[in-house]
Amino acid sequence: MFIRLSSGLVLRTHMKMTGAWHVYPAGGRWRKPEFQARLVLEAGDRVAVAFNVPVIELIHQRDEDVHPAIRNLGPDVLVQPVDLDEVRRRAASRPPDLPVCELLLDQQVVCGIGNIWRAESMFACSVDPMTPQAEAPLDDLINAATRLMSASVAARAAPAPMNVYGRTGKPCKRCRTPIKSLVTGDNARRLYWCPTCQSRDSATS
Ligand SMILES: [Zn+2]
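Take 1206 as the starting number for the sequence shown in this note's numbering and just add one per residue.
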């Protein structure tokens, strides 16, 4: 996450597996203990607290484009309309047999889809996570991610209930099959899917 400060500096934080930003009214109660706060930003009637964030750095705005963490990022899934041609062009530079579940987390192909929304997008499109990326309906998946994530941002006070994310062993809301999960990929993120709704056989039939 990049926060542009009026001084011309940019605050870069990376949550990895542990970190989270919370925003509170000034003087409001924090939902995590103070000793876990790595950084506190006060702005008017709001306070933003970075809890357990492992990567925090200040960079100059002029250096932002050449920073290794953001150089060459793919189109942002939350900036509409998403440049799907560019996403496809970038996906074509990856191995065609790479599972689509891995491609969706590749920030240099498409930027901003985290672990929750890759799972929910693949469920929304009935896509088997292990589908080779070259055979997957990439446009549909990106559009689903944009739709679901935008709705989630708009409704942050009342988050949408998840269909598969975090529901290991619970019945699928469509077909009652128990949701599966598995830790996969270089980032060792846990993947969630319905083996019935998201089987490649059902997608092609
Ligand atoms: Zn299902």
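Even for Gly, the Cβ is constructed at its ideal location relative to N, Cα and C.
Which of the three DSSP states, helix, strand or coil, is assigned to residue i?
i	result
residue 1344	helix
residue 1271	helix
residue 1281	strand
residue 1209	strand
residue 1260	strand
residue 1330	coil
residue 1220	coil
residue 1367	coil
residue 1355	helix
Starting from residue i, follow its DSSP beta bridges and name the residues at the other end.
i	result
residue 1239	None, per the DSSP bridge assignment.
residue 1253	1228 and 1246
residue 1299	For residue 1299, which the question treats as bridged, DSSP gives no partner whatsoever.
residue 1308	According to DSSP, residue 1308 bridges with nothing at all.
residue 1398	1385
residue 1215	1209 and 1264
residue 1316	1281
residue 1286	Looking at the DSSP assignment, residue 1286 forms no beta bridge with any residue, so it has no partner.
residue 1376	1383
residue 1337	1304
Below 7 Å, is the gap between the Cβ of residue i and the nearest heavy atom of ligand 1?
i	result
residue 1323	no
residue 1379	yes
residue 1382	yes
residue 1401	yes
If we count the other Cβ atoms within 10 Å of its Cβ and call it buried at 16 or more, is residue i buried or exposed?
i	result
residue 1238	exposed
residue 1206	exposed
residue 1280	buried
residue 1222	exposed
residue 1291	exposed
residue 1410	Any answer about residue 1410 is weak, because its pLDDT of 40 lies below 50 and its placement is not dependable; what the coordinates show is given next. Residue 1410 is exposed by the Cβ-count criterion.
residue 1256	buried
residue 1234	exposed
residue 1208	exposed
residue 1236	exposed
residue 1356	exposed
residue 1204	Here the chain has residues from 1206 to 1410 only, and residue 1204 is not among them.
residue 1348	buried
residue 1247	exposed
residue 1341	buried
residue 1267	exposed
For residue i versus residue j, is the C-beta distance shorter than 8 Å?
i	j	result
residue 1369	residue 1315	no
residue 1327	residue 1304	no
residue 1175	residue 1330	Lying outside 1206 to 1410, the shown extent of the chain, residue 1175 is not represented and no answer is given.
residue 1398	residue 1324	yes
residue 1264	residue 1244	no
residue 1366	residue 1376	no
residue 1252	residue 1225	no
residue 1293	residue 1343	yes
residue 1301	residue 1273	no
residue 1403	residue 1351	no
residue 1218	residue 1258	yes
Is there a Cβ of chain C sitting closer than 8 Å to that of residue i, yes or no?
i	result
residue 1331	Within the model displayed, chain C is absent; a lone protein chain is all it includes.
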